[in-house]
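Worksheet for the structure shown next.
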Amino acid sequence: MANQENITQSLARTPLYQIGVELKARFSSFGDWEMPVQYSSITKEHEAVRNNAGIFDISHLGKFTLQGKNLIDQLENLVPSDLSRLQPSQAQYTVLLNPQAGIIDDIIIYYQGLDTIGTQKVVIIVNAATTDKDKSWILTHLDIQTVEFQDHSRDKILIAVQGPKATSYLQSLVTADLTPIKAFGHLETTIFGQPAFLARTGYTGEDGFEVMVDSEIGIELWQRLYDAGVVPCGLGCRDTLRLEAAMALYGQDIDDSTTPLEAGLGWLVNLDTKGDFIGRSVLEQQKTKGVQRKLVGLQTQGRNIPRHGYSVLSSGKIVGQVTSGTFSPTLGYPIALAYVPSQLATTKQQIEVEIRGKAYPSVVVKRPFYRSQNRVTS
Amino acid sequence: MCEYPQDLRYLDTHEYVRLDGEIATIGMSEFAIEQLGDIVFLDVSEIGDAISKGGRFGTIESVKAVEEVNAPVSGTVIERNDSVIADPELISDDPYGEGWFIKVRVDDLGEIDDTLTSDEYRALVEGE
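Chains as they are written, first to last, in our numbering: chain A, 442 to 819; chain B, 1187 to 1314.
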């Protein structure tokens, strides 16, 4: 039964943990972290983000700052995306690749620009469970003589403020004008007189910001947003929100054995405009020959949820696997991401998902499942 | 705080049973429903089906998890709660009242003695 998992003392807690306890959040383990799954209900929190605004403690994510000469050039080797196009105050969602073009992690690189002596600065935000792996990978592949790497994963708070009204709630607490910031834009400013990094990014499919600050400032920011009426949201609705937006979850939809071309992340791969990078030759081959399997969106009949690991069937045979699934609160029906053979990866393709021994008719649908009307452009 | 009505009996798998003569009304405890959160799906045996003590007679699914629903007693299904099957979110509003799942004509009233009392069940879940 859905009893609370046994939470051992060894799990890490963010500085916002105590606030969650006071709000009677339900906690669960996410990797090495004890994080709130929900404060009230996943559906209510989900709806708050779609219609108003929600705040998430995402301090468990890995947070790196790097600076050095030719830093962007050095990072080019680690990702399939063309970083030379990045202007200061822009960011790129991309993936770290292993030599087989498998995804080590999906990350965001925020380029902060260069100073008068040519030093380039970036912020990199990575997944929680992969923080150590990413750190050693990045350090192995950069010239540590010229690059200064700082890990703020444990000493900074990261708060996501998401939803159509997120920007106006946040605006009331910061002096910098947030309206001109485009999607994936970012800036260094101050909140309550202290340094803050604000980025117009998120993992919900809505407009909003992610804010990186010191602990005390983060706690106060959370409190002020909460007092203003922003709804505390747990990682439960973060998952239903990102899935409606068809954003991949690392370790579930993408991992070391999936390539960006298989995972529907071809838009991150710029083979024509950039030089060599780790995994390039495999991606070139896949681009020429085509991939064997592709990640697709599925809509399933009925109300049963196709969950991670369930089989996808075609003509009674197992042809693929569900990687993520939920009951979409916004759409009112079950949705899923699944790997299927490429020849079945076309919109309107009829297939089936096996749920507890029974095959449920399903159809391949366009991704994302849900698209916000309130998104700002990049 | 969750309620554990004294007139009900319970299973350690969180089903409750209310006995009225030889008719048993079966549902899920408030504690379990709260733990599951956001319920999206309920499926139970058909009218006329025989269910057996300890055996599965249905499935309840929330955004977070999917669980089997087990029979506290053996018997024959005589009624299904179509309104919560159609709209499973209603279960959490009133798990011990309008949120019941099925009614069963009980084969052997003595089986009720194998279930947990309110106090036993409360001790079990609150000790967890």
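Think of the CB as a built atom: it goes at the ideal place given N, C-alpha and C, for glycine as much as any other residue.
- Query: Do A:Ser656 and A:Ile598 have their C-beta atoms closer together than 8 Å?
  - Reply: yes
- Who pairs with B:Asn1256 in a beta bridge, going by DSSP? B:Arg1242
- Name, going along the chain, the residues of the region 1279-1311 of chain B whose beta-carbon falls closer than 9 Å to a beta-carbon of chain A. Val1311
- Item | Touching by the beta-carbon criterion (3+ pairs, under 8 Å), the region 489-502 of chain A and the region 512-527 of chain A | no
- Anything in the region 656-667 of chain A with a Cβ closer than 7 Å to a Cβ of chain B? List those residues in chain order, please. none
- Hey, could you find the ends of the alpha helix (DSSP H) A:His501 is sitting in? No alpha helix (DSSP H) contains A:His501, which DSSP labels as neither H nor E.
- Might you give, ordered along the chain, the residues of its own chain that have their beta carbon closer than 8 Å to the beta carbon of A:Ala570, omitting 5 neighbours on each side? Phe471, Gly472, Asp473, Tyr691, Gly692
- Query: Do the CB positions of A:Val478 and A:Gly626 come within less than 8 Å of each other?
  - Reply: no
- If you draw a straight line from the C-alpha of A:Asp697 to the C-alpha of A:Tyr644, how long is it? 21 Å
- Item | the region 1244-1266 of chain B: positions lying closer than 9 Å to chain A by Cβ | Thr1245, Glu1247, Ser1248, Val1249, Lys1250, Ala1251, Val1252, Glu1253
- Ordered along the chain, which non-local residues of its own chain (more than five positions away) have a Cβ less than 8 Å from that of A:Gly743? Pro775, Tyr801
- Could you name the residues that DSSP lists as bridge partners for A:Asp655? A:Lys597
- In angstroms with no decimal places, state the Cα-to-Cα distance between A:Ile544 and A:Val520. 10 Å
- Query: Could you give the residue range of the beta strand (DSSP E) that holds A:Glu793?
  - Reply: 791-796
- Message: With H, G and I counted as helix, E and B as strand and the rest as coil, what does DSSP make of B:Glu1201?
- Response: strand
- By Cβ distance below 7 Å, which residues in the same chain neighbour A:Gly677 in space, the five residues on each side in sequence not counted? Val478, Gln479, Ile483
- Query: Residue range of the beta strand (DSSP E) that A:Ile695 falls in?
  - Reply: Taken as a continuous stretch (DSSP letters only), A:Ile695 belongs to no beta strand (DSSP E), as it is neither H nor E.
- Query: CA-CA distance, B:Gly1207 and B:Leu1310?
  - Reply: 27 Å
- Query: Roughly how many whole angstroms lie between the Cα atoms of A:Asn568 and A:Lys576?
  - Reply: 11 Å
- Compile a chain-ordered list of the residues in the region 478-489 of chain A whose CB is closer than 8 Å to at least one CB of chain B. Val478, Gln479, Ser482, Ile483, Thr484
- Message: Rounding to the nearest angstrom, what Cα-Cα distance links A:Asp584 and A:Leu614 in this structure?
- Response: 39 Å
- Task: Mind the definition here: the region 714-726 of chain A touches the region 785-799 of chain A only if three or more C-beta pairs lie below 8 Å; say whether that holds.
- Result: no
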